[in-house]
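Chains as they are written, first to last, in this note's numbering: chain A, 240 to 714; chain B, 6 to 185; chain C, 7 to 450; chain D, 2 to 102; chain E, 631 to 1262.
For every residue, glycine included, the Cβ atom is placed at its ideal position computed from N, Cα and C.
Encoded as structure tokens, the structure appears first; notes follow it.
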Amino acid sequence: MVSILFWPLLSILVLVPFRKQNWAQWVNLLLHLPWVFFLIELIKVTPSGAPFGLMETYGTFPLFKSALVLGADTLNVSLIALTIFLSFSLSFYFLGHSKISQSFLILFQLLNFGTIGSLLAADAFLFYIFWEFMLIPLFFLIGIWGSENRVYAALKFFSMTLAGSLALLAGIFFIVTKTEVQSLAWSELSRNAEMLSAAAPWLGWAFLLAFLVKVPVWPLHTWLPDAHTEAPTGVSVMLAGILLKLGVYGMLRWVLQVFPTLYWNSTDLLFAASVIGIILGSYGALRQTDIKRMIAYSSVAHLGFVVLGAISTNATAQSGAFFQNFAHGLSTGLLFLSFGMIYDRTHSRKLDEYGGLASTNRFLAFTFVFASMASVALPGLPGFVGEFLILSGTFLQKGWWVLLPLMGVVLGAMYTLQLVKGLVFGKVSPLVESHPISLKWNEYVSIFPFLVGLALLGLAPQFLLAWINGSIPVK
Amino acid sequence: MNQATDLIAGAPTVFMWVASFFAIFFALIVFVSSNPISCAVALMGTLFSTAALYFSLGNFFVGAIQILVYAGAIAVLFVFIVMLLDLKPQKLKNLPGRLPHFLFSGLVAGLLALFLFRTIDLVPKATEDSSASILSATQYAQYFLSQYQVPFQAAGLLVFGAILGAIVLARGHLGKKEHS
Amino acid sequence: MNEFFQSKIFEITSEQLSDLFPLLLLSFGFALSVIGAGLKLSSKFFKIIGILVFSLAITTWSFTFLEADSVVLGLHITHFSRIVGALVSLFALTSFVLFDVSKRYANRPEWLALLILAVMGLSLLPASHNWISFFVFLEFFSIPSYILAGYDTNRERSLEASLKYMLTGAFASALLLMGIALVYLCSGTVDYSSLQGHFPSHILSTLALAFLLVGIFFKMTIVPFHFWAPDVYQGAPMGVAAFLAAGTKLSIFVSAALAFSETEFYLRNDLMNFAVIAGTLSILVGSLLAFTQRSFRRMLAYSGTVNAGALAPLMVLGKETLSSGIFFLFVYGLTLALILSAFSSLLKNRNLDANGDLDPEELNLKDSQQSKFQSFILAAGLFSLAGIPPLPGFFAKYWLFSDLWAQGYRPLVMWALLGTLMGVAYYIRIAGKLFFAEKRSVII
Amino acid sequence: MIATGQLIFSVAIFLFCFGALTFFTKRSAVVALMGIELMLNGVNLVLVQAGQIYKNAEGTSLVLFVTLVAAAEAALALSIFVILYRKYGTLTLENFRSLKG
Amino acid sequence: MTDVLNIVEAPLSWIILLPAAGALLNGLFRLKSTLNGLLATAFCFAAFVVSILQFLKFPEASKLADPGYLWFQAGHVKAQMGFELTPFMSVMLLIITGVGTLIHLYATSYMSHDKSQARFFAYLNLFVTSMLVLALSSDLIGVFLGWEGVGVCSYLLIGFWFEEDKNARAGIKAFMTNRVGDLGFLVALFVAFAYFGTSSVSGIMEWIADPGRAAALPVWVLTVFALAIFWAACGKSAQIPLYIWLPDAMAGPTPVSALIHAATMVTSGILVIVRLWPIFATQTEVLSVIFWVALSTALLAALMALTQRDLKKVLAYSTVSQLGFMFAALGAGAPTAAFFHVVTHACFKALLFLTAGSVIHGMHDEKDIFKMGGLRKKMPWSHVAYLVGCVAIAGFPFTSGFFSKDLILTKVFESRGVLGYGLLLLAAMLTSFYMFRSYFLTFSSTPRSHEAEHAHESSAMMIVPLMILSLLSLFVGWLEIPHMWGHLQYFSHWVESSGAKAVEGHEVEAATEWLLMGIATIASLASAFFAYVKYKKGPVTSSENFAWKLSFNKFYVDEIYDSFILKPLRKIGTCLSLWIDEYGVNGTLHGSFASYRITGQLASIFHTGSVQSYALLMLLGLLVVWGVVNVW
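See below:
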């Protein structure tokens, strides 16, 4: 497990000597191959069942009552697979891209290292370190390579996520100073979870706050549109693809499985927040004139569905929520990627400046429409599978309350079609006219895995569902 | 020398009253007068009256040190500096500008005095046992050099440092220009 | 007369000598540097002497670190005082190596002598066992630091800084003295262990403690007494500022803690409340002031106040919980030295005066392009001060805050966490400014 | 009538507070330093009085140290004042305010 | 269930894969001229052949099944992508693929000079695939896959000429209205999985059939399930609340309207209800709801069609009205009548649309019938086809329309009494009136515009499908003749054997049946003659009275929807989101930051720089904190 975690660090060391841009880009691509090999090894050995089925300890810090413990089960290994998938296809996109310099790639690998670390960490202290470490590469990635308003977006993103994780830190302090708890390892925490949750009912909320900010749950989501819009394409794909899912993973792993009682009595508030998030997120997307902000707000709505599933008591909605992570990751990732390719050439994000892309570049128009259909949860594409499971699970549990999020399905279609009409259909706008888009070979190759993934997960998702159903927290 | 013991215990002698009156009087002059020279002289006055107080309390060694070192050396140093720089008397011209500052600092100092005076009755009385007698100079020295030997040497180095510093600063600022 | 000299005081056994060896070494170094200054030797001589003396001191102190405590000539040499001695000489070493002090003040080489004096004072302070030696050692290192603060002769600011530092320092030590006098008045003794049992607890004693705390908190730059710090850090030469910020805080922190635990003052809850109030105040006021500062070095001074605020309660808690405070100050000291040295070379690249100052708003991308390595160090240092993992600052803050939480200071830890969050506004923003292109973001 | 101890103590407080007051309000640096000396005198008075009450030498030794430190400080301060006077031509503390904010 | 179910394994998935392959190929390769069209037609024809083979298996097998594969399964939801074919659905299959092939052929020449034919035929084949998935899948969730697939294809096809903004907006309107309808289908699926444990049609039928389990269900489950399915059907088959998208869907190419908005997609609502008929049969209140909604749709649409000037709009409203007839039959408890009308309607409405297409093609895309006229001589074949279509839809004796409409009317008379019958008869009269109005305005009297003079007949490839469809429209009716005339009742046999028994209303003896038939025929002939009289010489400039304006502007339904539902919802939502996001959360963030900065600046005022004020503040600080410590 440690090899898959420390591979990004190693690839940074390898990247350092390559100062020239396209050398660095090619090396970055080649460095992904062993990473995939390690992933396959890990998948072969990952158990699906009890949380952190496979646990490995590499060293202890008695001073901080913590240890370098890495744990794997299908829950986090599947997310690692998604990370590596996104990073691999992005590395194709980076080839020959003018703005992708060596330092960008180094920071990108640092971000991967942080993500994989927080996924694998089975010790609260270690998890916290990786969780906050991700902030640094992201802060610089958005701040240096972002567009106009990037400094504001980077700082806002940094301070809101930091505020959330400081609440987590307070929770960790409370646990550390409890004498009964020998160490901060996950198993240790869950062993005396009753004692801890009895002692401090606020502990659940302290842990939850850090994750609610990261999964943008409704009131805490205002950093997302800024961060996603200002971030460069590669980073916004990773942000939408995997980093939002870390919040969901955190909720399931570190709150639901550790403090179940606290988690369950916070669910009705979370239900209200997620439903409002779905509806207001969709309306937020409707009112935008900037394309990337529209896609960002759509993520708020989709993540509202995921949280809706994650807080339900039946297995259908839970596995639907976790599956939706992958569906949303691929569809929004593809949306950002394809628009990123358009943006690289036209450098404008205003929707009314666009129009008639279908007549100039058929393939990109097809990809964009295909991705929007996926994000509108059209049956036959993965979005539907996730959303259907979530909604039928919610119906089972909450009865007719399901009609509210159901409205989100219609609103989702509304803003996505508005986006597609503005960008792809309609008369050919002067901007699109003057910037003919001819995709290079590596851009085709970077889009191709997304298309195959979406089609495969849409029509035959059972291979993934069966794999992750084992370790879904609620049976 | 035991009659000295009851000096602290007994009622304050007339000499004590006179000395403390002078001390307070001179302190007032230091505060009030705008001419630095009169301040310096008033400071020397306070020093002498406090030395007198020490004698009245029976601690002749400290009184002597006070007169020799404090009044003799430091106060003289002040007078010397005032004379050297022949500072003109500061006419309190922009008094109104500084009035709020005056009032405020008066208030704070008064508050401090109030707090301290409130605790005056907690000041312990002298113990009547006559066994412990007023120490003589040798006893002070013996105790001082044995208990506080390292601080004493440190104080020596401290003074050396101060002199060294004074020279360095003076030479630096007045002497050659350093490269910027 | 001779029985006076036979008294136990002057017996020095061999291993006691090893305890005193570093101090003797320092005084020998002091003597050498003064003679050297007199003989107008080359600046390299002083650099070598300095490095030799300090590194030898560090090695001896750290070797004898694990030995048992011993009482030598009235000094209680404990492993705390040894660790403080080692760290203070380390800070002194870094302060003059990183900032090429020797080349800058070639024709006034006395800086080494003064620096050694200050280091001696700082390392003796934790070894003091009564309030008198506490006061003397305190003054012993203050006087040289007043001079060092004013050492940068060609800038008026440095003179003004030393003037301010000296006047407020004198005022604070006068208050400290009044404290010691009142302690003596109340209990009749100034020795820590004899003060243990019979220190009355009436109004006068509380007032005495309050005055005592003034002198201590003044040096720790905790809020009601922090006014001098920004001006002095801005005026003093870079190396001195770094040394002052780290060395004095560490030594005062440890010696106050030792004093309060020896005299068992820490059991009094008025002392505790005083420290907690002052600590919380300094976290809040420090963060507030650090944010809107027009000068990089003043911002660092206020961030020092914030960190000191978190240390305040630990200081009055006595011996057991010192290790986290020491580690924190150690990391803080080194990071601060790195940041200031990077900052001064950044200034040099902007061909400003190396000891000068800069408005953090003016830092921009050009700086990081000109001095790539320094801006990297500067950003890493700022992130470490902000306490972002995996940098050492985070582990220091984590250990410190969990200790505070364990001692039950929950509200203070909450304030400290809020302080870390407010830290983003100045640490991270300035670190970001270095690397982000000019476009000022809308709000921040 | 008040006891000697209380008389001495009140004189000491008076000196101490008046020293502080002079330090705050006096515009010339030298006189401010004199204020500090006054405060130290007050402290010395308290020390001597306590020394007499408890009949031990702690107080006296601290007085000695205080006097010594006061001397060192005065020497250093006055040399700085001389330099300031040479450079600025005045010693009023108001115009040493360039470091602020 | 009368006879023992004899389920036969059959390669049904092939029927779907063929058009899917066609769609893929067309999508990938842009071939020269009409090759794309021919390729698409070939694949559609292949599917037609395979479905004929399956159809022939039916006398002995009662149901064909193909298990397919497990789509997804988690918790209590198990979605199986399997296929099954019942007799009546196999007939529908023939219609979809048969009429589909004809329309593909027609479209090949109709779109011959369009520049992105490949994309068009890819969408068309994709549409046929999803329609087949809808028809064939065994699980309701599979049906839903087809259901939304068809919705997307109609969105893409309506907005095919995306250059004009109104086409794209019409496409969105279609997709959004379908989406609102699909919410009903989703609710039905939730109820199915929650209470029946499965979504497969046969599984649900077993659940209903077993009295023990049926009793255990809460009473509202079946009603809600039925209503939800009906709501979805309204969305897809354009009934009252959700019909507004169909008239705008005419923005797409005419073959699209023919295939999607006449023959296949709009009928999917009826197909699903007929498949789930055992549930609907027990729900009398739901049936009456269906009946009255259908009746009002039929009447309303017919009234709107009276004054339309655009030929395709007239046909669109007539489709809505005919769908009203079908749902009225369902409401009257006669699935056979409904299905019979679906088939006949598919034939003659496709015919009408295709002829309209060739007329508009001939008239160089001029749609306004007031500008046409006298095309009888110029376009003889289209004229004949259009005449046959009008005759069939009006229900002239012995045409297919006559049989199916008459069957519906008698069934409605049996179950809903005279009032229902009367209103439906009125709708039938209106239908024949506006159809013949459009016939006379386009074909009789003299050409009224430049295009009309130079109109030319369409090519053979367009005429052949017209002729085939005309034959079908005339003779399909004979498959289901009234009992009195003989025993040719194939449709009832097909529908009953698929498990959809009609609701037993009181049988009507032969005499009244003859009477009803007579009245219906006389009514349609009279209104046709009336239209002849009114429009023989060309458009009559009728006075713009209130009724006319009401009908012409489609009863202002679109405007009502916009002003009362769509615009307010959007306004409230966007303002709410704007207020909470920008001013609420961001506001507090920026506010707290600004106050943080201001207090910072305020605090820095204390640092005046003068040493004395420092000492003063220090002492003051000491006294204040010391005071607080003592007081505390």
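Which value, in whole angstroms, describes the spacing of the CA atoms of B:S135 and B:L62?
For B:S135, the pLDDT reaches just 47, beneath the cut-off of 50, and the residue's location in the model is therefore unreliable, although a value from the coordinates is still provided. Going from the Cα of B:S135 to the Cα of B:L62 covers about 16 Å.
For the stretch 220 to 241 of chain C, list every residue whose C-beta sits within 8 Å of some C-beta in chain E, in sequence order.
V220, F224, V229, P230, F231, F233, W234, P236 and D237
Got a sec, what are the start and stop residues for the beta strand (DSSP E) A:E295 sits in?
L293 to F300
How about E:L1199 and E:A1085: do their beta carbons lie closer than 8 Å?
no
Look at E:S926 and E:S1088 and say whether their C-beta atoms are less than 8 Å apart.
no
Taking the beta strand (DSSP E) that E:H1084 falls in, what are its first and last residues?
No beta strand (DSSP E) holds E:H1084; the alpha helix (DSSP H) holding it covers H1080 to H1084.
Identify every run of the alpha helix (DSSP H) within the stretch 420 to 504 of chain A, keeping only runs that are complete inside it and at least 4 residues long; order them along the chain.
425 to 430, 432 to 438, 441 to 453, 462 to 469, 472 to 477, 483 to 489 and 499 to 503
Residues of the stretch 787 to 806 of chain E in Cβ contact with chain A at a cutoff of 7 Å, in chain order, please.
G789, F792, E793, D795, A798, I802, F805 and M806
Going by DSSP, what residue range makes up the alpha helix (DSSP H) through B:A142?
A142 to Q152
Quick one: what does DSSP say E:A704 is sitting in, helix, strand or coil?
strand
Taking 8 Å as the CB-CB cut-off, is B:S110 touching chain E?
yes
Quick one: what's E:M711 bridged to in DSSP?
Answer by DSSP bridge pairing, in chain order: E:Y699.
In angstroms, rounded to a whole number, what distance separates the CA positions of D:Y55 and B:F60?
17 Å
In the structure shown, what three-state DSSP assignment does A:A306 receive?
A:A306 falls in the strand class under three-state DSSP.
Kindly indicate which three-state DSSP category A:V713 falls into: helix, strand or coil?
coil
How is the alpha helix (DSSP H) around E:E1044 delimited, first residue to last?
S1030 to F1073
Contact criterion: CB-CB distance below 8 Å. Does E:L735 meet it with respect to chain A?
Taking 8 Å as the threshold, the shortest C-beta distance from E:L735 to chain A does not fall below it.
Looking only at its own chain, which residues have a Cβ that is under 7 Å from the Cβ of A:Y502, when we skip the five neighbours before and after it?
Excluding sequence neighbours, A:Y502 sits near G443, V494 and L495.
Quick one: using the 10 Å Cβ neighbour count with 16 as the cut-off for buried, is E:A845 buried or exposed?
exposed
Apply the 10 Å Cβ neighbour rule to A:F450 and answer buried if 16 or more other Cβ atoms are within range, or exposed otherwise.
In the assembly as shown, A:F450 is a buried residue. Its beta-carbon has 16 or more other beta-carbons within 10 Å.
Could you please give the first and the last residue of the uninterrupted alpha helix (DSSP H) stretch that includes C:E367?
Counted as a single uninterrupted DSSP element, the stretch harbouring C:E367 is not any alpha helix (DSSP H), since DSSP gives it neither H nor E.
Tell me whether the beta-carbon of C:W67 lies closer than 8 Å to the beta-carbon of C:G44.
no
Which same chain residues end up closer than 6 Å to A:N388 when comparing Cβ atoms and leaving out the 5 residues on each side of it in sequence?
E469
Applying the 10 Å Cβ sphere with the 16-neighbour rule, what's the burial state of A:E419?
exposed
Checking the sheet assignment: what are the DSSP bridge partners for C:S76?
In DSSP, C:S76 forms a bridge with C:I83.
Do you know whose CA, among E:D998, E:W1115 and E:L647, lies nearest E:K942's CA?
E:D998
Is B:A78 close to chain D, meaning its C-beta is less than 8 Å from at least one C-beta of that chain?
yes
Measure the Cβ-Cβ separation of D:M35 and B:V35 and say whether it is below 8 Å.
Here D:M35 is near B:V35, since their CB atoms are less than 8 Å apart.
Would you please verify whether the beta carbon of B:W22 is less than 8 Å from any beta carbon of chain C?
no
Let me know if E:C1205 comes out buried or exposed under the rule of 16 or more other beta-carbons within 10 Å of its beta-carbon.
exposed
Within the chosen definition, does the stretch 233 to 246 of chain C reach the stretch 138 to 149 of chain C through at least 3 CB pairs nearer than 8 Å?
no
Under the rule that 16 or more other beta-carbon atoms within 10 Å means buried, what is C:V107, buried or exposed?
buried
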